[in-house]
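The opening residue of the sequence shown carries number 118 in our numbering; numbering runs sequentially from there.
Everything on this sheet refers to the single structure shown next.
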Amino acid sequence: MFGSAYVQSTPEQYLKLASDIDELRKLPSYLAIRKFSDPPQFSDLDGFTLEAGDFKQLKNCEPGKCDVQLPAEAMDAFKQSVNWVCA
């Protein structure tokens with residue numbers, strides 16, 4: 118499978134927008150966006166929630182076959198760290 122999208126912009130302008138959290142926050146396609154501290158802290162996730170359906174779907178997520186977007190390594194680490202019997 119292959120997909121592409123035309124972006125009417127220069128690479129430099131696109132990267133500038135992609136790294137500007139305040140501008141991204143204004144876009145309707147972003148439900149929430151926040152920058153992590155350096156170093157990251159648990160409080161960076163304050164207000165972050167997953168819907169029950171999203172959480173349940175993570176148990177069977179595979180790279181490229183999941184509505185929740187995570188890198189493959191993070192997906193595997195998450196799946197191994199959750200006690201799915203209690204979840």
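C-beta: ideal position from N, C-alpha, C; glycine also.
The beta carbon of Q125 lies closer than 7 Å to none in the same chain, with the five residues before and after it left out. Excluding the 5 residues flanking it on each side, S154 has same chain C-beta neighbours closer than 7 Å at D161, in chain order. With 16 or more other CB atoms across the displayed protein chains lying within 10 angstroms of its CB, L175 is buried.
Straight through space, the alpha carbons of Y123 and A194 are spaced by roughly 34 Å. Following the DSSP letters along the chain, one finds P180 in no alpha helix (DSSP H), marked with neither H nor E.
Taking a C-beta distance under 9 Å as the contact criterion, R151 and F165 qualify as a contact pair. Annotation for E129: the continuous alpha helix (DSSP H) segment containing it runs 128-135.
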